[in-house]
Amino acid sequence: MTIINYPKNTEPTLTQDPDLHLVTDTGLTLTPHIFKNNTYTFLLPEEVKNIYIRSRTSSPRSHVGSPTKSQSQLGVLIGQIHIITHNQLYPVTEHLSQYNLDGWDKIEQTNSRWTNGNAELNVNVQVNNNSRRLLTIQVLSTNYYLLNNPLDQIPLSNIA
(Lines of atoms letter the chains of each structure in order from A and count residues from 1; the text may use other names and numbers.)
(Lines give C-alpha, C1' and ligand atoms only; values in the text may rest on other atoms or scores of the structure.)
Protein backbone atom coordinates (compact mmCIF):
# COMPACT_ATOMS: atom_id res chain seq x y z
CA MET A 1 0.00 0.00 0.00
CA THR A 2 1.34 3.42 -0.92
CA ILE A 3 0.11 6.59 0.73
CA ILE A 4 0.42 9.68 -1.42
CA ASN A 5 1.38 13.01 0.25
CA TYR A 6 1.79 11.46 3.70
CA PRO A 7 4.50 12.87 5.99
CA LYS A 8 7.13 10.20 6.67
CA ASN A 9 7.78 11.07 10.34
CA THR A 10 4.20 11.40 11.54
CA GLU A 11 3.71 9.64 14.88
CA PRO A 12 0.40 8.79 16.48
CA THR A 13 -0.41 10.71 19.65
CA LEU A 14 -0.85 8.70 22.86
CA THR A 15 -2.80 9.60 25.97
CA GLN A 16 -3.39 7.97 29.34
CA ASP A 17 -6.85 9.57 29.61
CA PRO A 18 -9.31 6.69 29.19
CA ASP A 19 -12.25 9.03 28.43
CA LEU A 20 -14.35 6.99 30.86
CA HIS A 21 -18.10 7.57 30.57
CA LEU A 22 -21.34 5.62 30.79
CA VAL A 23 -24.06 4.91 28.28
CA THR A 24 -27.39 3.91 29.81
CA ASP A 25 -29.88 1.34 28.57
CA THR A 26 -32.02 4.32 27.52
CA GLY A 27 -29.21 5.68 25.32
CA LEU A 28 -28.16 8.56 27.57
CA THR A 29 -24.43 9.35 27.84
CA LEU A 30 -23.26 10.16 31.38
CA THR A 31 -19.98 11.89 32.15
CA PRO A 32 -18.43 11.71 35.61
CA HIS A 33 -19.54 14.30 38.15
CA ILE A 34 -16.45 13.72 40.26
CA PHE A 35 -13.06 12.12 39.64
CA LYS A 36 -10.96 11.79 42.78
CA ASN A 37 -8.40 9.22 43.98
CA ASN A 38 -8.87 7.05 40.87
CA THR A 39 -12.63 6.83 41.49
CA TYR A 40 -15.21 8.10 39.03
CA THR A 41 -18.62 9.11 40.41
CA PHE A 42 -21.74 9.28 38.24
CA LEU A 43 -25.32 10.33 39.01
CA LEU A 44 -27.65 7.58 37.77
CA PRO A 45 -31.09 8.51 36.43
CA GLU A 46 -33.97 6.78 38.23
CA GLU A 47 -35.12 4.58 35.35
CA VAL A 48 -31.70 3.14 34.45
CA LYS A 49 -31.24 -0.59 35.06
CA ASN A 50 -28.18 -1.37 32.93
CA ILE A 51 -25.21 0.69 31.88
CA TYR A 52 -22.23 0.32 29.59
CA ILE A 53 -18.89 1.47 30.94
CA ARG A 54 -17.16 2.96 27.91
CA SER A 55 -13.59 4.06 27.44
CA ARG A 56 -10.79 4.23 24.95
CA THR A 57 -9.05 0.91 24.29
CA SER A 58 -5.62 -0.30 23.38
CA SER A 59 -3.91 -3.58 22.75
CA PRO A 60 -1.44 -4.71 25.43
CA ARG A 61 0.93 -5.89 22.68
CA SER A 62 1.20 -2.36 21.31
CA HIS A 63 3.13 -1.09 24.34
CA VAL A 64 6.88 -0.86 24.11
CA GLY A 65 8.49 -3.65 26.10
CA SER A 66 5.20 -5.48 26.63
CA PRO A 67 5.85 -9.24 26.89
CA THR A 68 2.28 -10.23 26.00
CA LYS A 69 1.21 -11.41 22.57
CA SER A 70 -2.47 -10.82 23.34
CA GLN A 71 -4.59 -9.34 20.59
CA SER A 72 -7.39 -8.30 22.93
CA GLN A 73 -8.41 -4.67 23.31
CA LEU A 74 -8.35 -3.47 26.90
CA GLY A 75 -10.08 -0.41 28.29
CA VAL A 76 -9.57 0.15 32.03
CA LEU A 77 -8.87 -2.14 35.00
CA ILE A 78 -11.80 -1.83 37.39
CA GLY A 79 -11.78 -2.73 41.07
CA GLN A 80 -14.64 -1.82 43.37
CA ILE A 81 -18.00 -0.56 42.15
CA HIS A 82 -20.68 0.82 44.48
CA ILE A 83 -24.14 2.29 44.25
CA ILE A 84 -24.70 4.92 46.93
CA THR A 85 -28.06 6.27 48.08
CA HIS A 86 -28.74 8.82 50.81
CA ASN A 87 -28.35 6.20 53.56
CA GLN A 88 -27.02 3.01 51.99
CA LEU A 89 -23.93 1.65 50.22
CA TYR A 90 -24.52 -1.25 47.81
CA PRO A 91 -21.45 -3.11 46.49
CA VAL A 92 -21.73 -4.20 42.86
CA THR A 93 -19.64 -7.34 42.38
CA GLU A 94 -20.93 -9.19 39.32
CA HIS A 95 -17.91 -8.03 37.30
CA LEU A 96 -15.67 -9.86 39.80
CA SER A 97 -17.58 -13.14 39.84
CA GLN A 98 -19.48 -13.73 36.58
CA TYR A 99 -17.32 -15.11 33.80
CA ASN A 100 -19.42 -14.39 30.72
CA LEU A 101 -20.24 -10.70 31.04
CA ASP A 102 -20.42 -8.70 27.83
CA GLY A 103 -17.52 -6.33 27.41
CA TRP A 104 -15.30 -7.71 30.16
CA ASP A 105 -11.95 -9.48 29.87
CA LYS A 106 -10.98 -12.47 32.03
CA ILE A 107 -11.34 -12.21 35.80
CA GLU A 108 -8.06 -11.21 37.45
CA GLN A 109 -6.71 -12.76 40.66
CA THR A 110 -6.71 -9.42 42.47
CA ASN A 111 -10.42 -8.52 42.72
CA SER A 112 -10.27 -6.54 39.52
CA ARG A 113 -11.16 -6.94 35.87
CA TRP A 114 -10.31 -5.21 32.60
CA THR A 115 -13.06 -3.91 30.36
CA ASN A 116 -12.81 -4.09 26.59
CA GLY A 117 -14.03 -0.50 26.29
CA ASN A 118 -17.76 -1.27 26.35
CA ALA A 119 -18.57 -3.30 29.47
CA GLU A 120 -22.15 -4.02 30.48
CA LEU A 121 -23.15 -3.73 34.13
CA ASN A 122 -26.46 -4.27 35.93
CA VAL A 123 -27.25 -1.35 38.25
CA ASN A 124 -30.84 -2.34 39.04
CA VAL A 125 -30.63 -1.91 42.80
CA GLN A 126 -33.98 -1.33 44.49
CA VAL A 127 -33.86 1.88 46.49
CA ASN A 128 -36.44 3.96 48.30
CA ASN A 129 -38.61 6.18 46.13
CA ASN A 130 -37.14 9.58 45.33
CA SER A 131 -33.69 8.43 46.37
CA ARG A 132 -30.82 9.55 44.17
CA ARG A 133 -28.29 6.93 43.15
CA LEU A 134 -24.60 7.57 42.72
CA LEU A 135 -22.39 5.02 41.00
CA THR A 136 -18.71 4.92 41.94
CA ILE A 137 -16.18 3.07 39.80
CA GLN A 138 -12.64 2.50 41.05
CA VAL A 139 -10.13 2.45 38.18
CA LEU A 140 -6.96 0.63 39.21
CA SER A 141 -5.06 0.95 35.95
CA THR A 142 -5.26 2.45 32.50
CA ASN A 143 -3.25 2.02 29.31
CA TYR A 144 -1.69 4.28 26.76
CA TYR A 145 -4.42 4.93 24.23
CA LEU A 146 -4.12 6.07 20.66
CA LEU A 147 -5.54 9.59 20.70
CA ASN A 148 -5.34 10.23 17.00
CA ASN A 149 -4.22 7.70 14.47
CA PRO A 150 -2.68 9.62 11.55
CA LEU A 151 -3.90 6.93 9.16
CA ASP A 152 -7.50 7.74 10.13
CA GLN A 153 -7.02 11.26 8.75
CA ILE A 154 -5.95 10.21 5.25
CA PRO A 155 -8.57 10.51 2.50
CA LEU A 156 -9.09 7.23 0.64
CA SER A 157 -8.18 9.03 -2.59
CA ASN A 158 -4.60 9.38 -1.28
CA ILE A 159 -4.11 5.62 -0.93
CA ALA A 160 -2.83 3.96 -4.09
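Under this note's numbering, the first residue of the sequence shown is numbered 251, with each subsequent residue one higher. Glycine included, each C-beta is placed from N, C-alpha and C at the ideal position.
Around the beta-carbon of R383, 16 or more other beta-carbon atoms lie within 10 Å, marking it buried. Nearest to S391 by alpha-carbon distance, out of L293, P282, T307, is T307.
The beta carbons of G329 and N361 sit about 6 Å from each other, so the pair counts as a contact at 8 Å. If you draw a straight line from the Cα of T365 to the Cα of N393, it is about 12 Å long. N372 has its alpha-carbon roughly 20 Å from the corresponding atom of E358. By the CB criterion at 8 Å, K299 and N374 fall inside the cutoff. According to the DSSP assignment, L384 belongs to the beta strand (DSSP E) that extends over 383-391. Along the length of the stretch 302-372, whole beta strand (DSSP E) runs at least 3 residues long occupy 327-334, 339-342, 354-357, 363-365, 368-372, reported in chain order.
Going by DSSP, L294 is part of the beta strand (DSSP E) stretching over 289-294.
Between the alpha carbons of F292 and E261 lies a gap of roughly 35 Å.
For K286, the uninterrupted beta strand (DSSP E) run begins and ends at 284-286, by DSSP. Note on geometry: alpha-carbon atoms of N368 and N288 lie some 19 Å from one another.
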